[in-house]
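A.B. asks: Following this message is one structure expressed as structure tokens.
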Amino acid sequence: MKGSMRAAVAQRSGEPLVIERRPIPAPGPGEVLVKIHASGICHTDLHAMDGDWPIKPALPFIPGHEGTGVVAELGFGVSQLQVGDAVGIAWLHDACGHCEYCITGWETLCERQHNSGYGVDGTFAEYTIANAAYVVRLPHDCDFFALAPILCAGVTSYKGIRETEVRAGEWIAISGIGGLGHLAIQYAHAMGLRVAAIDVSDAKLELARSLGAEIVVNANDGRALEDIRLGTGGGAHGVLVTAVSPAAFAQALGMVRRKGTVCLVGLPPGDFPTPIFEVVLKRITLRGSIVGNRQDLSEAMAMAANGKVRAMTEPYSLDQINAALDRLRRGEVEGRAVLDMTLLA
Ligand code: NAD
Ligand code: ZN
Ligand code: ZN
């Protein structure tokens, strides 16, 4: 497709995005061009823009990895999709397809993967390129805006909860009730788990309560750990840490029950002290979790498309993206900030 598009570009590390006009990219073999209708704004986009992680994205780049839209053009050899199909674009842009991780459903661990809005240009644009084998199909008549946050926040929460191995009727503690956490509460609820929610913001805790959390505690309250241990009758069977603060990771170890699992999902730069004696004597499992594979994504998406979970969203136009990013940085977004590409400035 000829012509130009608007995109929000990270030109320099630690600086606001710049709205640029760029040529509409052409899909290569196995790829599709997607016209973006909506894109969620993940805290990972801030980490990417700030260069927070050991492997930095090459500048300039277009962030964004929670994109929904329709296929606008097919690259050579694409037979499983048609122009006009509704699709979602996630963090996993592509992977090698044949390593030990890829062939066992762990493509999220592939050492040759590329990531949308990090290693390749992402979804903060009117069009982007996706790999046909890694997009998720969406229902034809779907709400593009409401489903966008499922592409990362949804699938990551859903997978992270499953990685805690908490069973129906048991307690999960969810630390950090932002974009990921507010969906995690809903997935946990739909899976029959009991939820304790932890955040540093009372507004986020109110939201958690309204979404079905039975226990809510402010992480800064001196009684936070005691309240969780007492409320859950000895600690949560699993803890999901989505908070953007290393202190929250250390605190999570104090919330988990004997034999429980603490699943680490948040990615603030830094580390945290691990009390060896506690972890050993209580047989605690510490486990990282990174997004989810394509099957996890279709399961998480199906639950959203069927109304079992619903992202709370704040709408922004592409021109307002830096205001949305500032709100996210300050911890003020309720649910997920989502770019509506059909809105004008
Ligand atoms: P967000 O900014 O929407 O939410 C973060 C929440 O953490 C906020 O509600 C904030 O108030 C809360 N918080 C801050 N300090 C806290 C503390 N000490 N205790 C409890 N809560 C605290 O961010 P998000 O988009 O939900 O992303 C969260 C983190 O998860 C980011 O670091 C992001 O990069 C990471 N992430 C990881 C994966 C993965 O696959 N592992 C996927 C997506 C995002
Ligand atoms: Zn691979
Ligand atoms: Zn993300």
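For the sequence shown, my numbering assigns the number 889 to the initial residue and increments by one for each residue that follows. Glycine is no exception: its CB is placed at the ideal position from the N, C-alpha and C atoms.
Indicate whether the contact test is met: 3 or more Cβ pairs, each with one atom in the stretch 1004-1013 and one in the stretch 1188-1201, closer than 8 angstroms.
C.D. replies: Flag = no, the stretch 1004-1013 and the stretch 1188-1201 do not touch.
A.B. asks: Give the DSSP-derived three-state secondary structure of Gly874 in the structure shown.
C.D. replies: What is shown of the chain runs 889 to 1233, which leaves residue 874 out entirely.
A.B. asks: Buried or exposed: Ile842, going by 16 or more other Cβ atoms within 10 Å of its Cβ?
C.D. replies: With the chain represented from 889 up to 1233, any question about residue 842 goes unanswered, as that position is not in the structure.
A.B. asks: Taking the C-alpha atoms as reference points, what is the distance between Leu1213 and Glu954?
C.D. replies: Stepping through the sequence shown from its first residue, residue 1213 is reached at position 325. Stepping through the sequence shown from its first residue, residue 954 is reached at position 66. Computed Cα separation, rounded: 15 angstroms.
A.B. asks: When we look at the beta-carbon of Lys1147 and count the other beta-carbons within 10 Å, is it buried (16 or more) or exposed?
C.D. replies: Mapped onto the sequence shown, residue 1147 falls at position 259. It counts as exposed.
A.B. asks: Could you tell me which of Val958, Met937, Ala1021, Leu1035 sits nearest to Lys1196, measuring between CA atoms?
C.D. replies: Taking the first residue of the sequence shown as position 1, residue 1196 is located at position 308. The option with the nearest alpha carbon to Lys1196 is Leu1035.
A.B. asks: Say the cut is 8 angstroms; is the CB of Ala1041 nearer than that to a heavy atom of ligand 3?
C.D. replies: Working through the sequence shown from its first residue, we reach residue 1041 at position 153. Answer for Ala1041: yes, Cβ within range of ligand 3.
A.B. asks: State the start and end residues of the unbroken alpha helix (DSSP H) segment that holds Tyr1046.
C.D. replies: As a working mapping, residue 1046 is identified with position 158 in the sequence shown. Counting along the chain, the alpha helix (DSSP H) containing Tyr1046 begins and ends at 1041-1051.
A.B. asks: To which residues does DSSP link Lys890 through a beta bridge?
C.D. replies: Numbered from 1 along the sequence shown, position 2 holds the residue referred to as residue 890. Partner(s): none; Lys890 has no beta bridge.
A.B. asks: Can you tell me whether DSSP reads Phe949 as helix, strand or coil?
C.D. replies: Position 61 of the sequence shown, counted from the first residue, corresponds to residue 949. Correct three-state label for Phe949: strand.
A.B. asks: Counting pairs of beta carbons, one from the stretch 961-968 and one from the stretch 1089-1103, are three or more of them closer than 8 angstroms?
C.D. replies: No, they do not touch.
A.B. asks: Alpha carbon to alpha carbon, how far is Ala960 from Glu914? Give it in angstroms, no decimals.
C.D. replies: Position 26 of the sequence shown holds residue 914. Position 72 of the sequence shown holds residue 960. For the record, residue 914 in the displayed sequence is Ala; it is not Glu. Near 10 angstroms, if we compare the C-alpha coordinates of Ala960 and Ala914.
A.B. asks: So His986 is in the beta strand (DSSP E); what residue range does that whole segment cover?
C.D. replies: Mapped onto the sequence shown, residue 986 falls at position 98. No beta strand (DSSP E) contains His986, which DSSP labels as neither H nor E.
A.B. asks: Counting pairs of beta carbons, one from the stretch 991-1002 and one from the stretch 1065-1077, are three or more of them closer than 8 angstroms?
C.D. replies: Judged by Cβ distances under 8 angstroms, the stretch 991-1002 makes no contact with the stretch 1065-1077, as fewer than three pairs qualify.
A.B. asks: Hey, quick one: how far does the alpha helix (DSSP H) through Ile1060 stretch, first residue to last?
C.D. replies: Here residue 1060 corresponds to residue number 172 of the sequence shown, with the count starting at 1. Segment 1059-1063 is the beta strand (DSSP E) holding Ile1060; no alpha helix (DSSP H) there.
A.B. asks: Ordered along the chain, which non-local residues of its own chain (more than five positions away) have a Cβ less than 8 angstroms from that of Glu1166?
C.D. replies: Within the sequence shown, the letter at position 278 stands for residue 1166. Excluding sequence neighbours, Glu1166 sits near Leu1141, Ile1172.
A.B. asks: Helix, strand or coil: how does DSSP classify Val1168 here?
C.D. replies: Within the sequence shown, the letter at position 280 stands for residue 1168. Correct three-state label for Val1168: helix.
A.B. asks: In whole angstroms, give me the CA-to-CA distance for Ala974 and Leu1185.
C.D. replies: What you label residue 974 is simply residue 86 of the sequence shown in a count that begins at 1. What you label residue 1185 is simply residue 297 of the sequence shown in a count that begins at 1. Rounded to whole angstroms, Ala974 to Leu1185 spans 15 angstroms at the Cα level.
A.B. asks: Cβ of Tyr1241 within 8 angstroms of any heavy atom in ligand 2?
C.D. replies: A question about residue 1241 goes unanswered here, because the residues of the chain that appear run from 889 up to 1233.
A.B. asks: Less than 9 angstroms between the beta carbons of Val1226 and Thr1201, yes or no?
C.D. replies: Locating residue 1226 in the sequence shown gives position 338, counting from the first residue. Locating residue 1201 in the sequence shown gives position 313, counting from the first residue. A contact, by the Cβ cut-off of 9 angstroms.
A.B. asks: Go ahead and label Thr1162 buried or exposed: buried means 16 or more other beta carbons lie within 10 angstroms of its beta carbon, across all protein chains shown.
C.D. replies: Locating residue 1162 in the sequence shown gives position 274, counting from the first residue. Exposed is the call here.
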